[in-house]
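A.B. asks:
In the working numbering, the protein residues as written are 9 to 78.
1. Using beta-carbon positions only, say whether residue 35 and residue 15 come within less than 8 Å of one another.
2. Reducing DSSP to helix, strand and coil, say where residue 72 ends up.
3. Run the proximity test for residue 41: is its beta-carbon closer than 7 Å to any non-hydrogen atom belonging to the ligand GTP?
4. Taking the C-alpha atoms as reference points, what is the distance between residue 10 and residue 29?
5. Anyone know if the C-beta pair for residue 19 and residue 38 falls short of 8 Å?
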């Protein structure tokens, strides 16, 4: 069962307004948390790529400077 189906079922089962509002808020908080975790993971991957690329860039820059200085 997908997350949306689960959410829909929970909302349908919450028949009073207070319960429905609490359920919606809870679901939204969980969705936001999951998205934040996904963003943190993406940021970490980008930082790893940047850290891998920096030495290559520096090496290429140094090689270019040596060639132009000769």
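Just so it is clear, CB atoms sit at the ideal spot from N, CA and C, and this is done for glycine as well.
C.D. replies: Let's see:
1. yes
2. helix
3. Inclusion of the ligand GTP in the displayed structure is not the case, the ligand content being empty and no account of it being possible.
4. 21 Å
5. no
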